[in-house]
Amino acid sequence: MTVPAAEAEERARSFHDVMSRRRTVRDFDSRPIPDGVLEWAVRTAATAPSGAHVQPWRFVVLTDPERKRRLRAAAEAEEREFYSRRASEEWLAALAPLGTDAHKPFLETAPAVIVVFEVHKGPHTPRPYYTKESVGIAVGLLLATLHQAGLATLTHTPSPMRFLNEICERPPEERGAYVVPVGYPAPGARVPDLVRKPLDQVMTRL
Ligand code: IYR
1 MTVPAAEAEE RARSFHDVMS RRRTVRDFDS RPIPDGVLEW AVRTAATAPS
51 GAHVQPWRFV VLTDPERKRR LRAAAEAEER EFYSRRASEE WLAALAPLGT
101 DAHKPFLETA PAVIVVFEVH KGPHTPRPYY TKESVGIAVG LLLATLHQAG
151 LATLTHTPSP MRFLNEICER PPEERGAYVV PVGYPAPGAR VPDLVRKPLD
201 QVMTRL
């Protein structure tokens, strides 16, 4: 891609201006996702660099209400354990400003939920390298594309995630890594009052 040097900063700034308006949303309405958007978002995610170009990702798009209901039930069971037993006091205190709890209605109300799997070595899959890094970059591109198309996302990470294999019909060499509800925000959806760190706190020049 050639961009004249004189336009480089402006191009970078305008992408920043779009991305700086991305917020994680937890309340979705049932407005459908326009045709083709999810496919383009997954195609874009799959342009991510990956260790040895093994492309160790699989994106499972759930739109069937019954499948989403099962996903919600299984995720909420794990989250009840997390909030009542597994999480330390320190962790719960860090989450308090987000107002999260074991209820995950967005897994049903969002018109689509993309479950992202990391593909590990299996009978028909090569050994991947830097799997977490590769899939993390792919998910970043997925979120950026969906935001650019005007859709909201939530990066949800129930833990542990083994239950995702059965619901998504994926083999054991694939491991659920991210659950990403996608849709339009519900009217009046609220987001926490967050501040992003200024450049001098995130960038060092030497
Ligand atoms: N997975 C839990 C808890 C949770 C953990 C972190 I770190 C967050 O940033 C948000 C939530 C949940 O989804 O509620």
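Per UniProt numbering, the very first residue in the sequence shown carries number 1; after that it's consecutive. A virtual CB, placed ideally from N, CA and C, is assigned to each residue, including glycine. Treat the numbers as computed from the prediction; the structure is a model and nothing was measured.
Asked	Found
Count the other CB atoms within 10 Å of the CB of Glu166; is the residue buried (16 or more) or exposed (fewer)?	exposed
Grab me the residues of Ala186's own chain with a C-beta within less than 7 angstroms of its C-beta, minus the 5 sequence neighbours each way, in chain order.	Asp27, Phe28, Asp29
Could you give the first and the last residue of the continuous beta strand (DSSP E) run that contains Leu154?	It is not in any beta strand (DSSP E) - Leu154 carries neither H nor E in the DSSP assignment.
Just confirm the distance between the C-beta atoms of Glu79 and Ala102, as a whole number of angstroms; I'd bet it's less than 8 angstroms.	4 angstroms
Can you list, in chain order, the residues of its chain with a C-beta nearer than 6 angstroms to that of Thr153? Leave out the 5 residues immediately preceding and following it.	Leu143, Leu146, Val180, Val182
Look up Glu169 in the DSSP assignment and say whether it is helix, strand or coil.	coil
Starting from the C-beta of Met61, find all residues in its chain whose C-beta is less than 7 angstroms away, skip the five residues before and the five after it, and write them out in chain order.	Correcting the residue type first, residue 61 is Val in the shown sequence and not Met. Taken in chain order, the residues that qualify are Leu38, Ala112, Ile114.
Under 8 angstroms by Cβ, that's how I've got Ser159 and Pro56 pegged, so tell me the actual separation to the nearest angstrom.	Not confirmed; about 20 angstroms, so no contact.
Go ahead and label Pro128 buried or exposed: buried means 16 or more other beta carbons lie within 10 angstroms of its beta carbon, across all protein chains shown.	buried
Is Ala48 closer than 8 angstroms to Ala138 when the C-beta atoms are compared?	yes
Taking 8 angstroms as the cut-off, decide whether the C-beta atoms of Tyr184 and Leu151 are in contact.	yes
Identify every run of the beta strand (DSSP E) within the stretch 37-80, keeping only runs that are complete inside it and at least 3 residues long; order them along the chain.	57-62
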